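Protein chains in written order, with the working numbering: chain A, 157 to 554; chain B, 157 to 554; chain C, 157 to 554.
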Amino acid sequence: MNSLPIKELIARHRPGHALEQDFYRRADVFEKEVDSIFLKSWILAGHQSQVPEAGDFFVFEIAGESIIIVRSDAGRINALLNVCRHRGSRVCLEEQGHTARFVCPYHAWNYDLNGELQAAPQVMDTLDRDQYPLRRARLENFLGLLFINFDPDAEFAPIASDFGGVLAPYDLPHTKLAHQESYRIRSNWKLAVENYCECYHCVPAHREFAVGHGRARPEGNVAELRQEVLSRAQSCGLSAKMTQKGWKNAEAVGMDRYVDRYPLLKGHVSGSRDGKPVAPLLGTVSGFDGGATEFQLGPISYGLVYCDYVVLYRFTPVQADETTCEVFWLVRETAVEGEDYDLQELIWMWDVTTRADKRIIEDNRRGVNSRFFVPGPFTPMEYYTQAFTEWYLDVLQT
Amino acid sequence: MNSLPIKELIARHRPGHALEQDFYRRADVFEKEVDSIFLKSWILAGHQSQVPEAGDFFVFEIAGESIIIVRSDAGRINALLNVCRHRGSRVCLEEQGHTARFVCPYHAWNYDLNGELQAAPQVMDTLDRDQYPLRRARLENFLGLLFINFDPDAEFAPIASDFGGVLAPYDLPHTKLAHQESYRIRSNWKLAVENYCECYHCVPAHREFAVGHGRARPEGNVAELRQEVLSRAQSCGLSAKMTQKGWKNAEAVGMDRYVDRYPLLKGHVSGSRDGKPVAPLLGTVSGFDGGATEFQLGPISYGLVYCDYVVLYRFTPVQADETTCEVFWLVRETAVEGEDYDLQELIWMWDVTTRADKRIIEDNRRGVNSRFFVPGPFTPMEYYTQAFTEWYLDVLQT
Amino acid sequence: MNSLPIKELIARHRPGHALEQDFYRRADVFEKEVDSIFLKSWILAGHQSQVPEAGDFFVFEIAGESIIIVRSDAGRINALLNVCRHRGSRVCLEEQGHTARFVCPYHAWNYDLNGELQAAPQVMDTLDRDQYPLRRARLENFLGLLFINFDPDAEFAPIASDFGGVLAPYDLPHTKLAHQESYRIRSNWKLAVENYCECYHCVPAHREFAVGHGRARPEGNVAELRQEVLSRAQSCGLSAKMTQKGWKNAEAVGMDRYVDRYPLLKGHVSGSRDGKPVAPLLGTVSGFDGGATEFQLGPISYGLVYCDYVVLYRFTPVQADETTCEVFWLVRETAVEGEDYDLQELIWMWDVTTRADKRIIEDNRRGVNSRFFVPGPFTPMEYYTQAFTEWYLDVLQT
């Protein structure tokens, strides 16, 4: 196809403007992204309440990789690559379950919950079993949120330090997964992240969200409201501390993060159909202050914490032209479905909003694929999306 | 894959024979065709009766591009690229409809019916709106037939000059679209054009057509009949003028055209199940002379005009291995369906024939994809298909 | 993608270990395999009982090629390429049937059952018909089994010589096709052949097979049993002769073969649900000796002969990531379904086993595609799979 070399694509980028088409389509660009970004980044895998007991496991996939998240006998949660060390079969075929061992369905090589090879038929005496554990990714259980990183040297401590205090009042270790939903998006992952990172589209495209969330308004319009919320926050036991270490502000690729508290609008106190609470207050939060805490942790994982529930997002690259948006809803661990919360009401806001985003992103993809697409200028409300693209081009260059 | 360079493929072509497999499969060949042919050619978009009122629009797609055909407030018909000048979303999601504005569903950038940017939220004061109109293709409304060209410098006048007189008696501006049908063909577009450009296959493959159309016979066999029809034509108010400026005879790529009147057979006076009329006479045509006028306008657009109806064809490249055959049936504007014509009878001939061609072309593709395919010799009745392939190789070389 | 050149891939192969991921995925590797292996190898096409009469034909496909197997008027069975010599259409659209001629559905070029061009409309007088026969593959009817080879110089005599005596008692020319089944496997063909060539997986994955077949046990464990069977074989009229000319032991690419007789277990005398006979004894076999004869003929065709039925396998490459496993069941020609054998019982063993293999192979593919896949060591029971991979790398290098 005589594709332009990636370096030249980067060199001709027009500052302040969206990315060119090639970045969203080319398989070689995608493979470079896997190497430069996804194999080094913190990625949300799920929540500890998905694996309460030793032997509980679930599997998730990203960019063709399958990772088993399993709680070992010692209670530690492991992230094991789902690839037999013999001839490479998947060793775990179920999406979730409970097991004492992973026995490869091909030749019965047998791994314990830490991925150590325990048995291999016919070659028990001759094989050096220590040489063949399942390969693993790092896993951090941060307040019950499970983050993995394929890079063994990746740092997590600075993230924990920035986030620990802010998130403490919600007592996330004592939340549980109330619902999880997978939205398949036919587009490159960057169109999804670019969409998530700006709220310029919220008024035109997310009526349900825009009516109650200050994020949908230009900062100047809600500055006063923000101050009010932040001053109320403390009385509800919430922190007003912000962090802004996303994209080029992060210490290293894959440690991107921010945390921000913004105001809800017109009597809304949660992200719900009518703005009213949909679940019991989280942790030690003592009341609804009218705000919401938004955070990023790594390039494709995001969260939004209301006083009564948490929604987590992961924009999972599948291949150059396909992404899965995985959404997790968390509520207080002791909350009982049907009594303390109605599941349909709990998920309403972010289900309707994510469905709309799926459509928007796919329509964006269609136009970006045109030979006549000329990337246009970012506007002020898209500053964080613009910051993403600038960071992205830097990372891709290295 | 170590594909042969296109130049070498061309160099080893055997004159008088069909094209080699690579021309029908390779994505790089297809991209070169888009650049060298489709971005410079006149292409049938549709008929003015599809957009009678200001604000009426329809969208059509070719080679991944989406073009909005819309009538402006001033009555002019525009061809606008369906790509927002901001971040590239489709601005129009409906296939057809009526609107006062195109409002991008992503961030609500707002374009008028001429594609001028009218509004963009939050940046009305800072954005130079004149810089961001929807991009456009040229559009010629020729006797009500809408032709577009992505090349702003393409000429149309010589075509109009050749065709105007011949087509005048049919009064095409006063016809209307009675039916439109889309036939998806899994093959390269050239196998479809090659099929359309010869009638050597008509006797074996199109019994319904061959029984009534002189085109299905070798020229020598119907020469006398042709003379009879041409002499009768004048008395019916029809022109006997021919044009032959297809392929290498055209002034430039994309201006290919011919017009020819040939005889119908054995009492047939129209293209119908029994050869009898299926609709009221067109324009000023005063009777059925027993002939049909065939024309080409650009490389992928063709027409066949009977005394009572018109059928238009567009072989729309989708990707290297996929084509859509779009067929339009036109009748006199004042004709009333159910009274003046029966729709099923009107479309019968070209529906059954196009379905057969779809099958034929797809079976052709399967064999052409064989490693054992050796392009065979063209026969006399395939002269125009041969002329197409010779022109094609010339164009591809430049 | 900056793929590693094939030579470098081969050079970095680690002896004694499985192949790397690239060999199973890359389209350029697959095309090289077609050239170096499939266009030179003996390939099972089917059985003569599929074309009992002159004019009977069936079509089979491999790597995008379509081959017509047809019995001519003289009784000879031909393998004709299903590609018209004119413009390349398929000439035969049915999967099987009976015909006097192959008339191309496009322009009615007309071929006899030997592929000779008999007629071509309009050009009968000018075309040199001798120049345009359907192209053909070689076909060997070996004991009723039909093998093709695209290479006109391929030798078959040494294979016939090795196999003739061993297979004689089964009188394969007087068997018939009782059933044929096609299993689509989403994986490269090598993962299927690697699976077939080892029985290390039989105990874990094929309970139904392992309970009755000595092949599922390490050789040492069944050596005594094997001797018993071989000594009993003669009294049943069977040969104990072995051949081992597979992979690097073959005289040339595509002549790979072995024949081996191994013991059945615990009172099993056939490959059936309960180990009991499922069809009348074949040929001159006078009793059930408790063994089964396994053979290979070419790289992708295999057979297993019980005393009462034959099962044949072909692992048909479709494209780099897709394979069809075709299975044929043969019984004595005179056996009557419903009386002499129950079809469901006849096919039970190899249907259940092939379905399991399809799943295993597809799970293997998923893991092999991981960036974290490191090819592991072959074990003793995988010696023949290892021999395959070593041969494969040699062939690919040339």
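Ideal Cβ positions, reconstructed from N, Cα and C, are used throughout, including at glycine. Predicted model only: the values in this text are computed from it and were never measured.
Taking 7 Å as the threshold (C-beta atoms), are Val-461 of chain B and Thr-449 of chain B in contact? Yes, the pair counts as a contact, with Cβ atoms nearer than the cut-off.
Please say whether Leu-323 of chain C and Ile-233 of chain C have beta carbons closer to each other than 7 Å? No, Cβ-Cβ distance for Ile-233 of chain C and Leu-323 of chain C is not below 7 Å.
Can you pull the DSSP bridge partners for Tyr-414 of chain B? Tyr-414 of chain B has B:Gln-400 and B:Gln-452 as its beta-bridge partners, per DSSP.
Alpha-carbon spacing of Arg-291 of chain B relative to Val-279 of chain B, whole angstroms: One alpha carbon belongs to Arg-291 of chain B, the other to Val-279 of chain B, and they sit about 20 Å apart.
Out of curiosity, what's the CA-to-CA distance linking Gly-454 of chain A and Tyr-548 of chain C? Going by the C-alpha atoms only, they are around 43 Å apart.
Between Asn-525 of chain B and chain C, is there a C-beta pair that is closer than 7 Å? Residue-level contact by beta carbon holds for Asn-525 of chain B and chain C, with a gap shorter than 7 Å.
On a CA-only basis, which of A:Ala-406, A:Asp-191, A:Glu-495 and A:Arg-371 is nearest Gln-553 of chain A? Give me that one, please. Closest by C-alpha distance to Gln-553 of chain A, out of A:Ala-406, A:Asp-191, A:Glu-495 and A:Arg-371, is A:Asp-191.
With 9 Å as the C-beta to C-beta threshold (strictly closer), list the residues of the region 301 to 327 of chain C near chain B in chain order. Answer in chain order: Phe-306.
Closer than 7 Å to chain A by CB, Met-285 of chain B: With the sequence shown as reference, residue 285 of chain B is identified as Arg, and Met is not the correct amino acid for it. So no, Arg-285 of chain B is outside the interface.
Please work out which residues of its chain come closer than 6 Å, Cβ to Cβ, to Val-467 of chain B, disregarding the five sequence neighbours upstream and downstream, and give them in chain order. Taken in chain order, the residues that qualify are Leu-460, Trp-485 and Trp-506.
Taking the alpha-carbon of Asp-178 of chain A as reference, which of A:Leu-421, A:Val-359 and A:Ala-476 has the nearest alpha-carbon? The candidate whose alpha carbon is nearest that of Asp-178 of chain A is A:Ala-476.
Considering only the beta carbon of each residue, do Glu-272 of chain A and Val-508 of chain A sit closer than 7 Å? Judged by beta-carbon spacing, Val-508 of chain A lies beyond the 7 Å limit of Glu-272 of chain A, meaning their Cβ atoms are not closer than that value.
When the Cα atoms are used, what is the spatial distance from Ile-225 of chain B to Asn-344 of chain B? Cα to Cα, the separation comes out at about 26 Å.
I need the DSSP call for Phe-186 of chain B, collapsed to helix, strand or coil. Looking at Phe-186 of chain B - three-state DSSP - the assignment turns out to be helix.
Continuous beta strand (DSSP E) assignments of at least 3 residues falling wholly in the region 163 to 221 of chain B: DSSP runs (the beta strand (DSSP E)) wholly in the region 163 to 221 of chain B: 199 to 203 and 212 to 218.
Close-in-space but distant-in-sequence residues of the same chain around Phe-529 of chain A (CB under 7 Å, 5 per side omitted): Here Phe-529 of chain A has Gln-177 and Gly-523 as same chain residues with Cβ atoms under 7 Å from its own Cβ, once five neighbours each way along the sequence are excluded.
Could you tell me whether the Cβ atoms of Trp-198 of chain C and Gly-410 of chain C are closer together than 7 Å? Here Trp-198 of chain C is near Gly-410 of chain C, since their CB atoms are less than 7 Å apart.
Under 8 Å Cβ-Cβ, which residues of chain C neighbour Phe-186 of chain B? Chain-ordered listing is empty here: chain C has no CB closer than 8 Å to the CB of Phe-186 of chain B, the nearest sitting near 17 Å.
Inter-stretch contact (C-beta, 8 Å, three-pair minimum) for the region 309 to 322 of chain A and the region 375 to 385 of chain A: With the cut-off at 8 Å, the region 309 to 322 of chain A and the region 375 to 385 of chain A do not touch.
Just to check my reading of the structure: Thr-510 of chain A and Leu-175 of chain A have Cβ atoms closer than 8 Å, yes? What is that Cβ distance to the nearest angstrom? A Cβ-Cβ separation of about 23 Å leaves Thr-510 of chain A out of contact with Leu-175 of chain A under the 8 Å criterion.
Leaving out the 5 sequence neighbours to the left and right, which residues in its chain are closer than 6 Å to Lys-401 of chain A when beta-carbon positions are compared? Take Lys-401 of chain A, set aside five residues on each side of it, and the residues of its chain with a beta-carbon closer than 6 Å to its own are Arg-413, in chain order.
Same chain only: Cβ atoms within 6 Å of Pro-171 of chain C, ignoring 5 sequence neighbours per side: None.
Measuring alpha carbon to alpha carbon, tell me which residue in A:Pro-536, A:Tyr-540 and A:Ala-389 is nearest Thr-282 of chain B. Ranking the options by Cα distance to Thr-282 of chain B, first place goes to A:Pro-536.
Residues within the region 237 to 263 of chain B neighbouring chain A, beta-carbon criterion of under 9 Å: Listed by position, the residues of the region 237 to 263 of chain B near chain A (Cβ gap below 9 Å) are Leu-237, Asn-238, Val-239, Cys-240, Arg-241, His-242, Arg-243, Gly-244, Ser-245, Arg-246, Val-247, Leu-249, Val-259, Cys-260, Pro-261, Tyr-262 and His-263.
Restricting to Cα atoms, I'd like to know which of B:Gln-274, B:Cys-358 and B:Pro-329 is closest to Ile-516 of chain B. Closest option to Ile-516 of chain B, Cα to Cα, is B:Cys-358.
Go to Tyr-469 of chain B, then tell me how far its alpha helix (DSSP H) extends in each direction, as first and last residue. For Tyr-469 of chain B, there is no enclosing alpha helix (DSSP H); the enclosing beta strand (DSSP E) covers residues 466 to 475.
Between which residues of its own chain and Met-157 of chain B is the CB-CB distance below 7 Å, once the five residues before and five after are set aside? Confidence at Met-157 of chain B is low in this model, with a pLDDT of 49, below 50, so the placement of that residue should be treated as unreliable; the coordinate-derived value is given next. Cβ within range, chain order: n/a, list empty.
Which residue marks the beginning of the beta strand (DSSP E) containing Tyr-458 of chain C, and which one marks its end? Here the beta strand (DSSP E) through Tyr-458 of chain C covers 457 to 461.
Could you check where the alpha helix (DSSP H) with Cys-358 of chain A kicks off and where it finishes? Segment 358 to 361, the alpha helix (DSSP H) holding Cys-358 of chain A.
Report yes or no: do three or more beta-carbon pairs, one from the region 208 to 225 of chain B and one from the region 420 to 436 of chain B, lie closer than 8 Å? No: the two stretches stay apart, fewer than three of their Cβ pairs being nearer than 8 Å.
His-369 of chain C touches chain A at which residues, Cβ-Cβ below 9 Å? Those within 9 Å of His-369 of chain C in chain A number zero; the least Cβ separation is about 16 Å.
Shorter than 7 Å from the beta carbon of Ala-174 of chain B to some beta carbon of chain C? Yes, its Cβ sits closer than 7 Å to a Cβ of chain C.
Met-537 of chain A touches chain B at which residues, Cβ-Cβ below 7 Å? Chain B residues near Met-537 of chain A: Gln-278.
Give the DSSP bridge partners of Ala-235 of chain A, in chain order. For Ala-235 of chain A, which the question treats as bridged, DSSP gives the partners A:Ile-225 and A:Ala-293.
If you scan the region 477 to 528 of chain B from start to end, which runs of the alpha helix (DSSP H) of 4 or more residues do you find wholly inside it? DSSP runs (the alpha helix (DSSP H)) wholly in the region 477 to 528 of chain B: 499 to 524.
With 7 Å set as the bound, which would you pick, yes or no: does the beta-carbon of Pro-161 of chain B sit closer than that to a beta-carbon of chain F? Judged by its chain identifiers, the structure shown contains no chain F, and its protein chains are A, B and C.
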